[in-house]
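Notes to accompany the following structure.
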Amino acid sequence: MAFMVMGMQGYAGINDILLLFIYLEIGAMVGIYFKTNRMPVRFLIYIGITAMTRHLIEVMTEADDHGLEVLTTSITIFILALSVLIVKYASSRFPGSKEDIA
């Protein structure tokens, strides 16, 4: 659907490109799930970061008085980025065993 809209418009905006990144991350997550039978949590967090970035761009382009919403959205993106670091550290520090897959 988004591809057709971009094709009709003749150009792709930043929101369209970020939406394509979300589709790409979902596709990569599904591919990893079917290969390893594990759900990669980091990809879900990446999707959340991308979605919040899209929201931040929409808020900044539409509203004049958007200080509090920009602040809360930025804090949310920062917390999600920290959670990626925590998950990455935890997965390297405490790797799962082959028996955990069953």
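Residues in the sequence shown are numbered consecutively from 4, following the numbering used here. For each residue, glycine too, the CB sits at the ideal point set by N, CA and C. Keep in mind that this is a model prediction, so the values were computed, not measured.
Any chain C beta carbon closer than 7 Å to residue i
{"i": "Met42", "result": "The structure shown contains no chain C; it is built from a single protein chain."}
Classification of residue i by the beta-carbon crowding that lies within 10 angstroms, buried from 16 upward
{"i": "Ile78", "result": "exposed"}
Secondary structure of residue i, DSSP reduced to three states
{"i": "Phe46", "result": "helix"}
{"i": "Ala15", "result": "coil"}
{"i": "Gly99", "result": "coil"}
{"i": "Ala66", "result": "coil"}
{"i": "Leu22", "result": "helix"}
Segment limits, alpha helix (DSSP H) that includes residue i
{"i": "Asn40", "result": "Premise fails: Asn40 is in no alpha helix (DSSP H) and is neither H nor E."}
{"i": "Ala93", "result": "70 to 96"}
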